[in-house]
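If you're matching positions, the sequence shown starts at 1 in the UniProt record's numbering and goes up one per residue.
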Amino acid sequence: MKTIITSADAEIREGHYPVAIKTGRHELTADESVVNGGQDAGPEPFALLLSALAACTVVTLKMYAERKQWPLAGVRAHLRYLKGGDGDEIRRTVVVEGPLNEPQRARLAEIAEKTPVTLVLKQGLAINTQLKLSAEAASGQAAS
C-alpha cells in the first residue's frame, strides 16, 4: 500500500496561461512567460521544479548541519535547467556560510546529492494519469 506524501491541485480557466495552484494551505500562481504566450503572472513550471529542488537542497543541508551541530550560518542554492544536444541537465551551485572545515563541506556536498527531491529526479518516477470529465460535462453528455 502506498502512502500519500503530499498533494497539489492546479486549475486553469481563462487567460493565457495563469494556473491557480493549491498545496496544503498554500496557494500560488504559475504561468508561462510572455514569450511563450503567457502573462508572466508567476513562475513557469520548470522554474517551480527548480525551486522545489533548491528548497529541498537548502533545507536538507540546514537540518543536517543542525543535527551535527556544525557552524552552518546559511546556505543558498542556485539552479539552472539546461537543454542541449547531449541531453537535459540541472546544474546546481550550493553556497555555504560559516566556519565549516573541509570534511564538513565535503559531507554537505555528498548530502546535497541525496536530498529527497534530488533522488526522485535522478531515479525517475512513475506518473499515472487519469482523464475524467467534470460532473457538469458528464451530465451534459448523458443528456445528449
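Yeah, the Cβ is synthetic: ideal placement off N, Cα and C, and Gly gets one too.
Assigned with DSSP and collapsed to three states, T57 falls in helix. Of the residues S134, Q104, Q123, A112, the one whose Cα lies closest to the Cα of A55 is A112. Taken in chain order, the unbroken stretches of alpha helix (DSSP H) that lie wholly in the segment 67-130 and span 4 residues or more are 102-112, 116-123. By the Cβ test, the segment 86-101 is in contact with the segment 40-59, since at least three Cβ pairs between them sit closer than 8 angstroms.
Shortest Cα-Cα distance from H16 to any of G38, H26, T29 involves G38. Between the C-alpha atoms of Q104 and G98 there is a straight-line separation of about 11 angstroms.
For I21, the uninterrupted beta strand (DSSP E) run begins and ends at 19-23, by DSSP. Secondary structure of E136 (DSSP, three-state): helix. Rounded to whole angstroms, Y64 and N101 show a C-alpha spacing of 15 angstroms. Collapsing the DSSP output to three states places A30 in a strand.
DSSP, reduced to helix, strand and coil, places A10 within a strand of the structure shown.
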